[in-house]
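Student: As given, the protein sequences belong to chains V and G, one line each in that order. Here the first sequence is numbered in the working numbering, starting from 1 and rising by one per residue. Here the second sequence is numbered in the working numbering, starting from 1001 and rising by one per residue. C-beta: ideal position from N, C-alpha, C; glycine also.
There are 2 protein chains.
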Amino acid sequence: MNDVVTLAQGAGGKQTSELIERVFKAHLANPLLTEDDAAVVDVPAGRLALSTDGFIVSPAFFPGGDVGKLAVCGTVNDVACMGATPLYLTCAFQIEEGYPLAQLETIVASMAAAAREAGVSVVAGDTKVAGRGQVDGVFITTTGVGVLGRGARPRGGAARPGDAVIVTGDVGRHGCAILLSRDDFGIEADVTSDCAPLAAAIRSALDACDDIHTIRDATRGGVGTVLYEIAHQSGVGVRLDATKVPVAPEVAGVCGMLGLEPLYLACEGRLVVVCPPDAVDAVLAALRASTHAEGSCVIGSVTREDPGLVVMQTEIGTQTILPEPGNELLPRIC
Amino acid sequence: MNDVVTLAQGAGGKQTSELIERVFKAHLANPLLTEDDAAVVDVPAGRLALSTDGFIVSPAFFPGGDVGKLAVCGTVNDVACMGATPLYLTCAFQIEEGYPLAQLETIVASMAAAAREAGVSVVAGDTKVAGRGQVDGVFITTTGVGVLGRGARPRGGAARPGDAVIVTGDVGRHGCAILLSRDDFGIEADVTSDCAPLAAAIRSALDACDDIHTIRDATRGGVGTVLYEIAHQSGVGVRLDATKVPVAPEVAGVCGMLGLEPLYLACEGRLVVVCPPDAVDAVLAALRASTHAEGSCVIGSVTREDPGLVVMQTEIGTQTILPEPGNELLPRIC
């Protein structure tokens, strides 16, 4: 086989089968991975959560992960945020002709590692090869299926005045790591993406409190965008204590130099959790005992006042409105 | 709103919400379409079929359809071919900055029409906008979920010697239509793609015979590639009667001029159905009574001899081996 991906490998014939065997099956094989056009999986009666997400990130490799890890974590986290247990994943690849096979293998291997950690099986896939210039490197679209239990069903529209707003770690790492990897600014800083599967942390939180109102993973729009979504969907205000929003010193430094708001930098391993005030201690304890959520803390509360707005209480006690997410975010992380 | 897609519309903020409202929700809205990161759907206990497929077709509009119709039909057909009833679809869009909004709307409207015909609901979606030159126009990845009943479970590895091989209409239309749309050859011919949702035809066939061994939809590799897959997966030979393979005169004409094998031209609305000989009449009757399968006919049989090969009986009585699909197919249809 060549050491780069060829158009013939996307044509559906013998070379496609070879690529699937050597790269995809070698890493993702499991008893459910299908040889037919669809996988067959067992589910209990009830409700499923379904989520899909496309991943185009440049560069494809960054400190703390790559597009493969991102594609698994992003979808697993979306399913888990609904209160579901993620079980199955499908993945579709669109690969540029000439893409190095060794890099593709690294990406697939890190998908496999992330899927193992998240407890999901990749059951079906698709590979297309596009001509040079038709796609930029590798795009991955994953779709996740999870099973919903009978417990809480957290959603964006369920936040209530008085609720506590928790974030599960320091914000803006992923966006900052990507920005530095692009090397457009000549800034040297040691920032690792927070990209991680959060299903176990979410499960722990739900086990600690069956009345969590909202769980959202902050992705391309950062924690700020999630807070605005919750404010709009629930018709409430969000009051943030700016001094309590955890930002790593190196991220804060980069944001300072470039004039960026860390609340709008992408995360890929951070949750916003909204729960009743009397459940905060239990939820915080459960999150802090979970991998990838050790840094959980309360950053604010839900208010009846200022519906649809996120208001920041600053260090010197003044209140400002966090600007609503609008135009293209910098850096653009898809 | 602008009349082209902007990077800001892919950034996850306010403009993204506007794009989703105006284009996606306007056409695809249904009670299950989620505002959260994942959709919640009901399923009965049992087995699900899951399939994913990415669609990059150039040109995006062709006689008989567009990439939106294709993206729905392709995945619905894959799920239905497993014997499942397709219920839910997710779709992820990767759109090039500057893509005309009017064209995007046409694509989404034709997805909605195809979904209605196929009886599926689009329950979750994702929109990413890539910079100019990062993607070529619009890519769509769909994932389908279907429910399997307790009846037959057709699969590629279940063909048996003596079985009849049915095709549900004339072959090669889609590939030929795309090729002519590209206008690389200066050939004028009136060929319409066969792109169609086949779930109802498949359901009729399965109702007529609960022991259908294999159902596959012929896509990018054409009917020839499907026959080779069945030959390999079932460890059998396939004997084709070349005179019985239906090819529209205009498709045959184009193939003759360009030296193409119609069995290797893409289809997007044709099935290969393999069933026991005593069920042929019932299966054919059911298919012929179904929309999009009126032209169903037997084109050959499964043999114990020549395992792994597709042998063609030609008009003058000689036998030749259909060349195995291998290198890049012409025209390349993803």
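Under 8 Å, do G:V1122 and G:A1113 count as touching if we go by C-beta distance?
Tutor: Not a contact, by the Cβ cut-off of 8 Å.
Student: If V:F185 and V:L284 are in contact, beta carbons under 8 Å, what's the gap, nearest whole angstrom?
Tutor: The pair is not a contact, with the Cβ atoms about 36 Å apart (cut-off 8 Å).
Student: With a cut-off of 8 Å, do at least 3 Cβ pairs link the stretch 134 to 144 of chain V to the stretch 86 to 103 of chain V?
Tutor: Judged by Cβ distances under 8 Å, the stretch 134 to 144 of chain V makes contact with the stretch 86 to 103 of chain V, as three or more pairs qualify.
Student: Could you tell me which chain G residues have their CB closer than 9 Å to the CB of V:V123, listed as they occur along the chain?
Tutor: The contacting residues are L1050.
Student: I need the straight-line Cα distance from V:E18 to G:G1221, nearest angstrom please.
Tutor: Roughly 15 Å between the two C-alpha positions.
Student: Express the C-alpha separation of G:I1107 and G:P1005 in angstroms, rounding to a whole number.
Tutor: The residue asked about is misnamed: residue 1005 of chain G is Val in this sequence, not Pro. Rounded to whole angstroms, G:V1005 to G:I1107 spans 14 Å at the Cα level.
Student: To be precise: take each residue of the stretch 80 to 106 of chain V, compare its Cβ to all Cβ atoms of chain G, and keep it if any distance is under 8 Å. Which residues remain?
Tutor: For the stretch 80 to 106 of chain V, which is checked against every Cβ of chain G, the residues closer than 8 Å are C81, M82, A84, Y88, T90, C91, A92, F93, Q94.
Student: Does DSSP put G:M1082 in a helix, a strand or coil?
Tutor: Of the three classes helix, strand and coil, the one that applies to G:M1082 here is coil, per DSSP.
Student: So, does the stretch 273 to 284 of chain V touch the stretch 173 to 192 of chain V, judging by three or more C-beta pairs under 8 Å?
Tutor: With the cut-off at 8 Å, the stretch 273 to 284 of chain V and the stretch 173 to 192 of chain V do not touch.
Student: Closer than 9 Å by beta-carbon distance: list the chain V residues that pair up with G:T1168, in chain order.
Tutor: Those within 9 Å of G:T1168 in chain V number zero; the least Cβ separation is about 16 Å.
Student: Give the interface partners of G:F1024 over in chain V, defined as CB-CB distance under 7 Å, in chain order.
Tutor: Result: empty, since nearest Cβ-Cβ is about 13 Å, beyond 7 Å.
Student: State the start and end residues of the unbroken alpha helix (DSSP H) segment that holds G:I1187.
Tutor: Counting along the chain, G:I1187 falls outside any alpha helix (DSSP H), and DSSP gives it neither H nor E.
Student: Would you mind reading off the limits of the beta strand (DSSP E) that contains V:Q319?
Tutor: Segment 319 to 321, the beta strand (DSSP E) holding V:Q319.
Student: Using the beta-carbon of each residue, which ones in chain V are nearer than 8 Å to G:L1271?
Tutor: What G:L1271 touches in chain V: nothing, since even the nearest Cβ is about 11 Å away.
Student: In chain order, which alpha helix (DSSP H) runs of at least 4 residues are fully inside the stretch 1212 to 1296 of chain G?
Tutor: Runs found: 1222 to 1234, 1249 to 1258, 1280 to 1288.
Student: Applying a beta-carbon distance threshold of less than 8 Å, which residues of chain G neighbour V:D78?
Tutor: Within 8 Å Cβ-Cβ: D1037, A1038.
Student: Roughly how far, in whole angstroms, is the beta-carbon of V:L180 from the beta-carbon of V:I187, given that I think they are within contact range, below 8 Å?
Tutor: Confirmed, about 6 Å.
Student: What residue ranges within the stretch 1002 to 1047 of chain G form continuous alpha helix (DSSP H) runs of no fewer than 4 residues, ordered along the chain?
Tutor: Qualifying alpha helix (DSSP H) stretches, in chain order: 1014 to 1019.
Student: What number of angstroms, rounded off, separates the C-alpha of V:V251 from the C-alpha of V:D66?
Tutor: Going from the Cα of V:V251 to the Cα of V:D66 covers about 19 Å.
Student: Please look up how many angstroms separate the CB atoms of V:V191 and V:V254, rounded, as I've assumed it's under 8 Å.
Tutor: With 8 Å as the limit, V:V191 and V:V254 qualify as a contact, their Cβ atoms being about 7 Å apart.
Student: Output yes if chain G places a C-beta closer than 8 Å to the C-beta of V:L148; else output no.
Tutor: By this cut-off, V:L148 is an interface position.
Student: Reducing DSSP to helix, strand and coil, say where V:Q103 ends up.
Tutor: V:Q103 falls in the helix class under three-state DSSP.
Student: Ends of the beta strand (DSSP E) at V:I56?
Tutor: No beta strand (DSSP E) holds V:I56; DSSP gives it neither H nor E.
Student: Residues in the same chain with beta-carbon distance under 6 Å from V:L265, minus the five sequence neighbours each way, listed in chain order, please.
Tutor: For V:L265, where only same-chain residues beyond five positions count, the Cβ hits under 6 Å are G172, G175, C176, G222.
Student: Taking DSSP as the reference, what is the three-state secondary structure of V:E96?
Tutor: Three-state DSSP puts V:E96 in a strand.
Student: Write down the C-beta distance between V:A218 and V:I212 rounded to the nearest angstrom, noting that I regard them as a contact closer than 8 Å.
Tutor: With 8 Å as the limit, V:A218 and V:I212 do not qualify as a contact, their Cβ atoms being about 16 Å apart.
Student: Please classify V:A102: is it buried, with 16 or more other beta-carbons within 10 angstroms of its beta-carbon, or exposed?
Tutor: With fewer than 16 other Cβ atoms within 10 Å, it is exposed.
Student: For G:T1143, which residues does DSSP report across the bridge?
Tutor: DSSP output for G:T1143 lists G:T1052, G:T1090 as bridge partner(s).
Student: If contact is defined by three or more beta carbon pairs under 8 Å, each pair taking one atom from either stretch, is the stretch 1148 to 1165 of chain G in contact with the stretch 1035 to 1042 of chain G?
Tutor: No: the two stretches stay apart, fewer than three of their Cβ pairs being nearer than 8 Å.
Student: Around the Cβ of V:E229, are there at least 16 other Cβ atoms within 10 angstroms (buried) or fewer (exposed)?
Tutor: Buried is the call here.
Student: Give the DSSP-derived three-state secondary structure of G:L1180 in the structure shown.
Tutor: Correct three-state label for G:L1180: helix.
Student: Out of V:A152, V:Q233, V:D170, state which residue places its alpha-carbon closest to the alpha-carbon of V:I202.
Tutor: Taking only the C-alpha atoms, the option nearest V:I202 is V:A152.
Student: Assuming contact is defined by CB atoms lying nearer than 8 Å, are V:T127 and G:D1126 in contact in what I supplied?
Tutor: Going by C-beta atoms, V:T127 is not nearer than 8 Å to G:D1126.
Student: In whole angstroms, what separates the C-alpha of V:A60 from that of V:V135?
Tutor: Cα-Cα distance, rounded: 13 Å.
Student: So, at 7 Å on beta carbons, what are the nonlocal neighbours of V:D210 in its own chain, with the 5 sequence-adjacent residues on each side left out?
Tutor: The residues are G151, A152.
Student: Which word fits V:N77, buried or exposed, when buried means at least 16 other C-beta atoms lie within 10 angstroms of its C-beta?
Tutor: That one is buried.
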